[in-house]
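Data first, discussion second: the structure below is written as structure tokens.
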Amino acid sequence: MNWLDQLCKLSRSRGGSRAWTIALALFATSLAVRFLFAPSLHGLKFLTFYPAIALATLVCGWPQGVVVLVLSALSAWYFLFVPSDVFSLNYASEAAALFGFMMVAGFVVVLVGILRETIRRLDLAKAAQETLFSELQHRVANNLQLVVALLRNAQRNLRNPVVAAETLNDAEERIIAMSKLHRHLHDGTAFVNGLEPLLREMLSNTFQHLPVTVGINVRDVSDLSIDQMTAITLLVNEAAINAAKHVFSKGRGRTFNVCLREAKGRLRLDIQDDGPGIREDAIGAEAHSLGMGIMEAFANQLGGPLEVANDGGASLSVEFGASRS
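What the sequence shown shows, in our numbering, is residues 1351 to 1675, in sequence order.
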């Protein structure tokens, strides 16, 4: 079927006047061949027209196929029936033959048109599958890098067995939590309604049973790829887990805000709680914590460094470019 695939690829590059030129050339060729082999095709008046109709439909499209069909019927009526060179049918059998040709040729146009559309959809599905497979490989590579970062973080504490065990248990819990969220994100309908509903659902699950007011402002942002929305969701989720553990569960804050805004082709994600914040002398040490390592990994996936600051509470920000896909 390689020849058919090549023809359909050719058809996608033939549009506008070129498609009509090809269709008319096919009709002219079929008519010329009919006259050239007239003595041998005396009883097969329409034989050379069928390939032209089928090829015009396949290569150019069904409108061109219909036009070639009509031109073929008119040519047969004018040239091939007695008397020739006049639009006249003296016998019912001739009218029946012409009508039968148009019915069969119409069926050919419909059949080939369906075949052409089916092949087009299969090509689109194949391209989508290749894109999804490439994205999946990319995400798997990113997640493996994240697991490596978690294990390296645990390795720093190997000299203290108790702390090392706690770190490894924490890493295991984080990986399991991210795995569950990933399965939800890889659902084809996860991002159908945009990023905000997904963030609200995720934060509602994270802050359940905690008195936290959540603010989300991401409505005016466009040009986000699936990879970017996935990384943003996982980054916000990790920030929420840290805030729930160190701030809200201890009654040290009550609000958690997420803002994603667009300016001059760049995007900026801000995550903030109203807790006590991070002490200036602890920011460096905090950067080596498990949660911070995870958030830095997701910030790197977005394409920007993670900025940590105190602004009425702990503030995390990352700036990155809009998707061009």
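Ideal Cβ positions, reconstructed from N, Cα and C, are used throughout, including at glycine. Please read all numbers here as calculations on a predicted model, not as lab measurements.
Check whether L1439 and F1431 have beta carbons under 9 angstroms apart: Cβ distance < 9 angstroms, so L1439 and F1431 count as in contact.
Rounded C-alpha distance that separates A1659 from Q1558: Computed Cα separation, rounded: 26 angstroms.
Between the CA atoms of V1608 and G1544 - distance to the nearest angstrom: In this structure, the straight-line span from the alpha carbon of G1544 to that of V1608 is close to 15 angstroms.
Cut-off 8 angstroms between Cβ atoms - residues of its own chain near S1599, not counting five sequence neighbours on either side: Take S1599, set aside five residues on each side of it, and the residues of its chain with a beta-carbon closer than 8 angstroms to its own are L1560, in chain order.
Straight-line gap, G1415 to L1386 (C-alpha atoms, nearest Å): One Cα belongs to G1415, the other to L1386, and the distance between them is close to 23 angstroms.
Beta-bridge partners of N1607, as assigned by DSSP: Paired residue(s): G1565 and Q1622.
Whole-angstrom C-beta distance between G1641 and V1597, which should lie under 8 angstroms: That pair is no contact at about 12 angstroms.
Beta-carbon separation (whole angstroms), V1459 vs L1419, contact threshold 8 angstroms: About 6 angstroms; that satisfies the 8 angstroms criterion.
Which of helix, strand or coil DSSP assigns to S1425: Residue state, collapsed to three classes: helix.
For G1662 and I1628, the rounded distance between their alpha carbons: In a straight line, the C-alpha of I1628 is about 10 angstroms away from that of G1662.
One or two residues paired with N1660 in a DSSP bridge: Within the DSSP bridge table, the entry for N1660 names A1664 as partners.
Classification of F1437 by the beta-carbon crowding that lies within 10 angstroms, buried from 16 upward: F1437 should be labelled exposed.
Through-space distance from L1518 to P1511, alpha-carbon basis: In this structure, the CA atom of P1511 is about 10 angstroms from the CA atom of L1518.
Residue range of the unbroken alpha helix (DSSP H) whose run includes V1586: Per DSSP, the continuous alpha helix (DSSP H) segment holding V1586 begins and ends at I1576 to H1596.
F1449 burial status per 10 Å Cβ neighbour count (16 or more: buried): Exposed is the call here.
Nearest-angstrom beta carbon gap, L1619 and I1582 [assumed within contact, 8 angstroms]: Between L1619 and I1582 the Cβ distance is about 6 angstroms, and since that is below 8 angstroms, they are a contact.
Close-in-space but distant-in-sequence residues of the same chain around R1569 (CB under 7 angstroms, 5 per side omitted): Hits under 7 angstroms: E1546.
Cβ-Cβ separation, T1407 to R1466 (assumed contact under 8 angstroms), whole Å: With 8 angstroms as the limit, R1466 and T1407 qualify as a contact, their Cβ atoms being about 7 angstroms apart.
Cβ neighbours of Y1428 in the same chain (closer than 8 angstroms, five flanking residues each side left out): Around Y1428: S1434, D1435, V1436 and F1437.
Limits of the alpha helix (DSSP H) - the one that L1549 falls within: Residues L1545 to T1556.
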